[in-house]
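One structure is given below, encoded as structure tokens.
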Amino acid sequence: MSTDATALPVVPVRSARRFRTVLLLWAALLAGADLTVKALAEAVLSNGTTTDLGPISIRLLYNRGVAFSLGADLAPWIVIAATGLIIAALTWYTLSSAPAMTRLSRAGAVLLLGGAAGNFIDRLDGDGVVDYLHSGWFPTFNLADVFVTAGVALLILGTLRSPQTRTGD
């Protein structure tokens, strides 16, 4: 056993499996919540209805590209394939790293994977991702985008924590 104070503890296989399972379950729940809200937005807003809530209005848009509509002119199968590969790589990294991550990083990973999965599943019909939150000064977005953004921020913050704080997580 290493006496280095920055060394991460060895996580038993059973605990590692539990981290991975819980992470995937929470990500699936977040993706489900996102898809439910998107279905509701489509049902309520499909007739062109817009609801003004002050700084944010609710209106229905479809994004055929990725972030900020980048790649919107590409064939849908290219966007689907590219995002699928990115999500597969993120999932592999997250699941292989989860036992050594801080709690904050694991929470970020859950949000990131849940949001990415929600947008990916929504994209599979070829119509693009349902966006409904509009600020007027920022591109229209959805709950999955909030999950992804918050998840990346938490993942980075958790990674920046010193390795010594990871013991006992």
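What the sequence shown shows, in the numbering used here, is residues 10 to 178, in sequence order. Built from N, CA and C at the ideal position, the CB exists for glycine as well.
**Asked** Which residue comes first and which comes last in the beta strand (DSSP E) that contains Leu142?
**Response** 138 to 143
**Asked** Do you know how far the Cα of Leu39 is from the Cα of Val157?
**Response** 11 angstroms
**Request:** Mind reading off the beta-carbon distance from Ala36 to Ala126? Whole number of angstroms is fine, and I expect it under 8 angstroms.
**Result:** 6 angstroms
**Item:** Heavy atom of the ligand NAP within 7 angstroms of Thr30 beta-carbon
**Value:** In the structure on display, the ligand NAP does not appear, and there are no ligands present to speak of.
**DSSP-derived helix/strand/coil call for Asn151** = coil
**Prompt:** Is the stretch 143 to 161 close to the stretch 97 to 107, with three or more CB pairs under 8 angstroms?
**Reply:** no
**Message:** Assuming Ile67 is part of the beta strand (DSSP E), what are its boundary residues?
**Reply:** 66 to 72
**Message:** For Thr100, which residues in the same chain have their Cβ closer than 7 angstroms to its Cβ, ignoring the five residues on either side in sequence?
**Reply:** Leu122
**Message:** Please report the straight-line C-alpha distance between Ala84 and Ser55, rounded to a whole angstrom.
**Reply:** 24 angstroms
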